[in-house]
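Colleague:
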Amino acid sequence: MIKIVKRDQPSKAIFFFTPVLAIFLTLIAGGIIFFILGFKPIEALKFFFIVPIADKYGFSELLLKATPLCLIAIGLSFCFKSNNWNIGAEGQLTFGAIVSGGVALLFYDQEGFYILPIVILAGAIGGMIYASIPAILKTYFNTNEILVSLMLVYVSKLILDYLVVGPWSNPEGFNFPETRQFSDSARLPLLFEGLRIHAGIFLALAAVVISWFVFYKTYLGFQMKVSGFSLKTAKYAGYKGKKMIILVFLISGACAGLAGVGEITGPIGQLHREVSPDYGFTAIIVAFLGRLHPVGIIFASLVVAITYLGAETAQIFMQIPKYTGQVFQGMILFFLLASDYLLFFKFKFIGSKK
Amino acid sequence: MHKFLIRSFVSSLVLLFTLTVAAVAKDVKAAFVYIGPTGDHGWTYQHDVGRKAVEDAGFKTTYVEGVPESADAERVLRQLANSGHDIIFTTSFGYMNPTNKVAKEFPNVKFEHATGYKREHPNVATYAARFYEGRTILGTIAGTMTKSNVIGYVASFPIPEVIRGINSFTLAAQKVNPNIKTKIVWAFTWYDPGKEAEAAKALIDQGADVIAQHTDSTAIVQMAEKAGVYAFGQASDMDKFAPKAVLTSVENNWGPYYVDRVKAVANGTWSQKDTWHGIGDGMVVISGLDSQMPSDLQAKVKKLQADLASGKVHSFTGPIYDQKGNLMVAEGKTADDGMLAGMMTYVKGVEGDIPK
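As structure tokens, then:
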């Protein structure tokens, strides 16, 4: 007989083991789904997870895809660690892209080394402005940040629609919904000839290092951790909660804004209606899969990025519907949440000594 | 014996030749990049019907659905070009820049971009359909069938393609019924059944008894069926989704063009061009007419269809005035393709302003 017993303390080993377990279970469930759909499971999984990154180009695409996910998830982990539920990273990304794109368009016919830093900065500021709205409303008016930040996503997309259809649309573009192309000086430099991976990856890596330092070596990190465990304790300890809430939202917004900059000044090179394929939402999965730990988030962003690439490859070579990629992302989160059960409970075999 | 040898030699040569030609023809592989799911029963669905026609013609095809117009499009295109496809159809406007970019790297692969205008390399062609011709027919039917003289129109995005459709529709409706007004609701989406249904509902609440649409889902015709008003199918024949509401549909018929272009690649005769085909070339097809339409209207529609096909009637024949009463096209003149391609003003009789 097996009995389920509550653990005295959540297990630290299991805390980092469950993401691996979740990925493993997703692979098995994915294989079963492929089998039911009438595909050879092993072959399908190969096209999903190995073929897309089997060459230099594929690997660069993986990094290209993982960069915004990692950057946003790092930002989100500041919020999530401290009990602030910022669900609107997609909106902060979009608004960052709008502001930095607007600046890039001002310089569309100019070249100069100073343009790119201004464009990048503008994107970070745009993301911060947009994230400050739910933060200020939460601290001063007690609104629910989940609703406010989520609703603002749709507002930001409508603003982008309005701009690319109307005032910012390319004057030579026959009224199609897109802006002019940015000048080369407003584009992030490519790291290798012929590959799309660009300098934006350094922004993501810098965010990883800085966040690690803040989380584990600073007073702010400690405050965030305490607030995450118990808001009452944080208050009792005399932490100034309002200041921290605004700060983590600003950091989160800046990261999302920078991810937007990376997309438009990296591979896209202009503003149009679809700047991001919902990176801001997918990054929520990445943040939790990475256990809100900077290094974990790097791995998680790579794992989730490959589900995008794999879905394309599997459709091209095996005619597997591309939407399976989203099924995989959903399953990873599902299994992760389900296996978190093991954090708090353990199986005990009755009859054994212990 | 000698003769026999020669004869068998010649016949085997002939056989070898036919085999090689057949093999070359079969070897051409075509790829299709879709913006939505193949099951949308609208835009993507019809492109996929076209793809199946290419398969039926004996060619291998591949497709990738749900490709966002973000940075991802370029990767999908490069992967298709890299994996032995000879011609790639990119079926949404937002693929324009990625298509031209990847085309530059793969000069031996042909690219066909739907609804765009950039042909930056000799291996990029563009194609689109004159859907506004179909909307001239819908307008004629709507203007005749309406009792409230209010016609609803669910639009997607304020771009020339959509404005052109609204104008063509309204002009035709006015011609048979000068009292009609076209009310527009902008859904700001190509495919979102929820939003589209809401838009249709709003129009019906404002008194519209005929609803036209420039979005892709079947939600609008289904809403019309429920409310007991008329509607038109978009992109594919939507009659089966709302048998009472749907009077007819304008179908996007890409198959013949696709087969033509893939065959051209097989024969080595493919060349860059800009195609804009309408009813006459069969790219725009009018589905069967509903029996609720009086027989004189049916006859009128059939005649109009034939006249549009032959070029005897043009959807934009003057005099045409804009909302403020300024002359857009003089009497006896027709709008040229340049004007049609950049059309961003409503004609008289359309209510409201273009969102800017």
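One line per chain: the protein sequences are A and B, in this order.
Quick note: the first sequence uses this note's numbering, first residue 496, plus one each step.
Quick note: the second sequence uses this note's numbering, first residue 201, plus one each step.
Idealized CB from N, CA, C, for every residue including glycine.
Would a C-beta distance cut-off of 8 angstroms place S356 (chain B) and T389 (chain B) closer than the cut-off?
Modeller: yes
Colleague: Could you tell me if N308 (chain B) is buried or exposed, where buried requires 16 or more neighbouring beta carbons within 10 angstroms of its beta carbon?
Modeller: exposed
Colleague: Name, going along the chain, the residues of the region 770 to 797 of chain A whose beta-carbon falls closer than 8 angstroms to a beta-carbon of chain B.
Modeller: V770, S771, P772
Colleague: Can you give me the C-alpha to C-alpha distance between A809 (chain A) and P816 (chain A), rounded to a whole angstrom?
Modeller: 8 angstroms
Colleague: Please indicate yes or no: does the CB of V450 (chain B) lie closer than 7 angstroms to some heavy atom of the ligand ADP?
Modeller: This structure simply doesn't include the ligand ADP, nor any ligand for that matter.
Colleague: Alpha carbon to alpha carbon, how far is G775 (chain A) from T634 (chain A)? Give it in angstroms, no decimals.
Modeller: 23 angstroms
Colleague: Return the bridge partner residues of F840 (chain A) from the DSSP annotation.
Modeller: A:K501
Colleague: Hey, would you say E269 (chain B) sits closer than 8 angstroms to H767 (chain A), going by beta carbons?
Modeller: yes
Colleague: Could you give the first and the last residue of the continuous alpha helix (DSSP H) run that contains G748 (chain A)?
Modeller: 736 to 758
Colleague: Starting from S873 (chain A), trace the beta strand (DSSP E) in both directions and tell me its first and last residue.
Modeller: Because chain A here runs from 496 to 849, residue 873 (chain A) falls outside it and cannot be looked at.
Colleague: So does the region 629 to 643 of chain A actually touch the region 652 to 660 of chain A, counting three or more Cβ pairs closer than 8 angstroms?
Modeller: no
Colleague: With 8 angstroms set as the bound, which would you pick, yes or no: does the beta-carbon of A223 (chain B) sit closer than that to a beta-carbon of chain A?
Modeller: Because A223 (chain B) carries a pLDDT of 46, less than 50, the predicted location of this residue cannot be relied on, and the following value inherits that uncertainty. So, not an interface residue.
Colleague: Quick one: Cα of A749 (chain A) to Cα of G258 (chain B), how far?
Modeller: So the two alpha carbons sit approximately 53 angstroms from each other.
Colleague: State the DSSP-derived secondary structure class of A500 (chain B), mapped to helix, strand or coil.
Modeller: Correcting the residue type first, residue 500 (chain B) is Lys in the shown sequence and not Ala. In the structure shown, K500 (chain B) sits in a helix (DSSP, three-state: H, G or I).
Colleague: Exposed or buried, which one is M496 (chain A) when buried takes at least 16 other CB atoms within 10 Å?
Modeller: Burial state of M496 (chain A) is exposed, judged by a 10 Å Cβ sphere holding fewer than 16 other Cβ atoms.
Colleague: Is the Cβ of K817 (chain A) closer than 8 angstroms to any Cβ of chain B?
Modeller: Nearest CB-CB separation between K817 (chain A) and chain B: below the 8 angstroms threshold.
Colleague: If the criterion is Cβ atoms closer than 8 angstroms, does the pair F306 (chain B) and F232 (chain B) meet it?
Modeller: no
Colleague: Kindly list, in the order they appear in chain A, the residues whose Cβ is closer than 8 angstroms to that of E312 (chain B).
Modeller: Ordered by position in chain A, no residue passes the 8 angstroms Cβ test against E312 (chain B), which lies about 18 angstroms from the chain.
Colleague: Using only the alpha-carbon positions, how far apart do A402 (chain B) and D409 (chain B) sit?
Modeller: 12 angstroms
Colleague: Please report the straight-line C-alpha distance between L753 (chain A) and F710 (chain A), rounded to a whole angstrom.
Modeller: 20 angstroms
Colleague: Relative to chain A, which residues along the region 359 to 374 of chain B have a C-beta separation below 7 angstroms, given in chain order?
Modeller: I359, P360
Colleague: Compute the Euclidean distance between the alpha carbons of I531 (chain A) and G525 (chain A), then round it to the nearest angstrom.
Modeller: 10 angstroms
Colleague: In the region 267 to 283 of chain B, which residues sit with their C-beta less than 7 angstroms from some C-beta in chain A, listed in chain order?
Modeller: P268, E269, S270, A271, D272, E274, R275, V276, Q279, L280, S283
Colleague: For chain C, check one thing: does any of its Cβ atoms lie closer than 8 angstroms to the Cβ of V822 (chain A)?
Modeller: In the displayed structure, chain C is absent; the protein chains listed are A and B.
Colleague: Give every residue of the same chain whose Cβ lies closer than 6 angstroms to the Cβ of F830 (chain A), excluding the five residues on either side of it in the sequence, and list them in chain order.
Modeller: A517, L520, T521
Colleague: If contact is defined by three or more beta carbon pairs under 8 angstroms, each pair taking one atom from either stretch, is the region 432 to 443 of chain B in contact with the region 457 to 472 of chain B?
Modeller: no
Colleague: Would you kindly report the start and end of the unbroken beta strand (DSSP E) that includes A231 (chain B)?
Modeller: 229 to 233
Colleague: Pull the bridge partners of K310 (chain B) from the DSSP assignment, please.
Modeller: Answer is B:I287.
Colleague: To the nearest angstrom, report how far apart Y327 (chain B) and A626 (chain A) are at their CA atoms.
Modeller: 42 angstroms
Colleague: Would you tell me roughly how many angstroms separate the C-alpha atoms of S577 (chain A) and K737 (chain A), rounded to the nearest one?
Modeller: 12 angstroms
Colleague: Could you work out which residues of chain A lie near F357 (chain B), taking near to mean beta carbons separated by less than 7 angstroms?
Modeller: Neighbours of F357 (chain B) on chain A, chain order: V660, P672.
Colleague: Between which two residues does the beta strand (DSSP E) carrying H767 (chain A) extend?
Modeller: For H767 (chain A), no beta strand (DSSP E) run applies, since DSSP gives it neither H nor E.
Colleague: Specify, as a first and last residue, the run of the beta strand (DSSP E) that L527 (chain B) falls within.
Modeller: 527 to 529
Colleague: Of all the residues that make up the region 668 to 696 of chain A, which are near chain B by a beta-carbon distance shorter than 7 angstroms?
Modeller: F669, N670, F671, P672
Colleague: How many Å lie between A599 (chain A) and G757 (chain A) at the Cα?
Modeller: 13 angstroms
Colleague: Mind checking whether H321 (chain B) and Y295 (chain B) have CB atoms under 8 angstroms apart?
Modeller: Remark: C-beta atoms of H321 (chain B) and Y295 (chain B) do not approach each other more closely than 8 angstroms.
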